Amino acid sequence: MESSGEDTICAIATPMGEGGVGIVRVSGDRAIAIANNIVQPRNRSSLEQLASHRLYLSDVLSANQSLIKDFDSFPLDEALVVVMKRPRSYTGEDVVEIQAHGGPLVLQSTCEALIRHGARMAEPGEFTKRAFLNGRLDLIQAEAVLDTIKATTASSLRSAQSLLRGTLTKEVGQLREELIQALAHLEASMDFVEEDISFIQTEQLERIFRHTQATLQRLIDTFEEGRIVREGIRAAIIGRPNVGKSSLLNALIKMDRAIVSPVPGTTRDVIEETVNVAGLHMRLLDTAGLRHTEDHIEEEGMRRTREAAEEVDLILLLIDGSVEMTDEDRSLFQDHAKDRCLVVINKSDLPSKVESREIFEFAPWLENPTPADSKTCKDGEDPFVRISAKNELGLETLKDTIRSWFLKSDFEPGQTPMVTRLRHKTALMQARDAIQQAQSSIEAGMDGECIALDMRGALDSLGEITGEVSTEDILDRIFRDFCIGK
Ligand SMILES: Nc1nc2c(ncn2[C@@H]2O[C@H](COP(=O)(O)OP(=O)(O)OP(=O)(O)O)[C@@H](O)[C@H]2O)c(=O)[nH]1
Ligand SMILES: [Mg+2]
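Counting in our numbering, the sequence shown runs from 16 upward without gaps.
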């Protein structure tokens, strides 16, 4: 495990490419000493003498210049340099940030010079990992840093920020605290059993278990929406050839991306684009039209379409409303799981040949949604949407309908703690099951040790979420998704 006393690491913290400013970051016990070899503040002090958390205009020297502080040749660049002394830095270690001009050569040469003087290139996420290991962030917050960087919609950013600011950490922490206290009382009762002192009543334990389970369940239930907010929706447009699938993709991304033509069977490959759907990120696939064909290439396109349809959260089943429905349309209704399928009728600019009742005939579940089909249609909503992809009509309604399928109408991300990662949900479920087990042990009249064992199991699961309980394996899995320099 890295911690103070380990390597000093460096990396370019800004994206590769040209930019007004580019930042190289150094962190570790020897950060200031190493950077001092290549950074010469214009006020002629050494880096050690600089005040912490203040910017100083400095020259940055290349690897060859640095040893002798040779000013006869030109330095690499001029930069603003800030020293952040531990523990008041992102990693909790001594940090130096060199804010140079954002050219790839300048930044790479700066890193090379630092490495020459004893720093090592940071691994992906290593700065954040050190922040975690040094207690600056817990694991939820470390993951939220990654989510903040990757956020593409206002709601995903808000939810990441709410996690970074500790909403879930606090809730999980409170649960742990209650369980730890109850466990301490229980263990004390076990130790003093002969003296007939009751430190905790079973009713008290049961009350804590009920409360813990309810809170855990409430958190677990936020995952469906939380996942969508963080990851977005994966959707595919499916339909027979020529109904306007590619036209719909183009209209939604406002770009002429996929080839549109009156010839059925135009699209062969699956085309993927991203769309902002009423504040949600959506990965949208345009697919090859599904029909009976002898053409090998088209058949391969259709195989890919079916494969794509298997993996998505949502199917937009597209029908051409300007012609009568065909057997191909009907078989599509039959083939696709109804709870993931939103029926969209296209070409509403032309006279309609498809009546609502026909849709109901082929998809009777749309008319009378059962609770199990709740995603198919919510109260007061049309079970399908009419649009004109060509004239861009009805697209806003379509987007709102998609959003309302995945999020409650009053949904406001970031207000209450939300579970956005499967890792968190799995641990919460394990904690819930362990508490359930403890409850059963009480009911079965088992002794305190059994109950305590289950409680410790629940505490471990909760500790995994925040990182109080962690293994190198868990950490590796979490930080490998980060980019270098974060
Ligand atoms: N009038 C009208 N025509 C449309 C509309 N949307 C698409 N079209 C036309 O329908 C034809 C087929 O459109 P595409 O978007 O290529 O259809 P597709 O479903 O992708 O077809 P394949 O790729 O062959 O499966 C084109 O001539 C489009 O201009 C619409 O809303 N109104
Ligand atoms: Mg197409």
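Using N, Cα and C, we set each Cβ at its ideal position, and we do this for glycine too. All values reported here derive from a predicted model rather than from experimental measurement.
Leucine 443 and isoleucine 155 have their alpha carbons spaced roughly 13 Å apart. One Cα belongs to arginine 255, the other to histidine 439, and the distance between them is close to 40 Å. Ranked by Cα distance from alanine 324, the first of Ser67, Asp301, Asp206 and Glu313 is Asp301. For proline 432, the closest of Gln176, Asp153, Arg101 and Leu183 by C-alpha to C-alpha distance is Leu183. Here the C-alpha atom of glutamate 464 lies approximately 16 Å from the C-alpha atom of glutamine 451. In the structure shown, the three-state DSSP call for cysteine 356 is strand.
The stretch 225 to 232 and the stretch 245 to 253 do not touch, with fewer than 3 CB-CB distances between them shorter than 8 Å. When only Cα atoms are considered, alanine 50 and alanine 66 end up about 15 Å apart.
Here arginine 401 is bridged, per DSSP, to Ile360. Within 10 angstroms of the beta-carbon of proline 90 lie 16 or more other beta-carbons, which makes it buried. One alpha carbon belongs to leucine 422, the other to glutamate 240, and they sit about 6 Å apart. Ligand 2 never approaches serine 42 closely enough for any of its heavy atoms to be under 7 Å from the residue's Cβ.
Rounded to whole angstroms, the gap between the alpha carbons of threonine 481 and glycine 188 is 8 Å. In the DSSP assignment, glutamate 93 falls within the beta strand (DSSP E) that extends over 92 to 99.
Here alanine 48 is not near valine 75, since their CB atoms are 8 Å or more apart. Collapsing the DSSP output to three states places proline 119 in a helix.
In terms of Cα proximity to glycine 35, the closest of Thr281, Glu218, Asn79 and Gly117 is Gly117. Around the beta carbon of alanine 199, a 10 Å sphere encloses fewer than 16 other beta carbons of the protein chains shown; the residue is thus reported as exposed.
Here DSSP, grouped into helix, strand and coil, assigns asparagine 58 to coil. Shortest gap from the CB of lysine 260 to any heavy atom of ligand 2: under 7 Å. Secondary structure at serine 42: strand, using DSSP grouped into helix, strand and coil. Judged by DSSP secondary structure, histidine 311 falls within the alpha helix (DSSP H) whose first and last residues are 311 to 326. Serine 485 has its Cβ no nearer than 7 Å to any heavy atom of ligand 1. If you compare the alpha carbons of Gln64, Arg57, Gly107 and Asn79 with that of valine 41, the shortest gap goes to Gly107. Put simply, the backbone Cα of glycine 140 is about 6 Å away from that of cysteine 498.
Residue range 182 to 206 is occupied by the alpha helix (DSSP H) that includes isoleucine 195. When DSSP states are grouped into helix, strand and coil, arginine 283 belongs to the coil group. According to the DSSP assignment, leucine 474 belongs to the alpha helix (DSSP H) that extends over 463 to 481.
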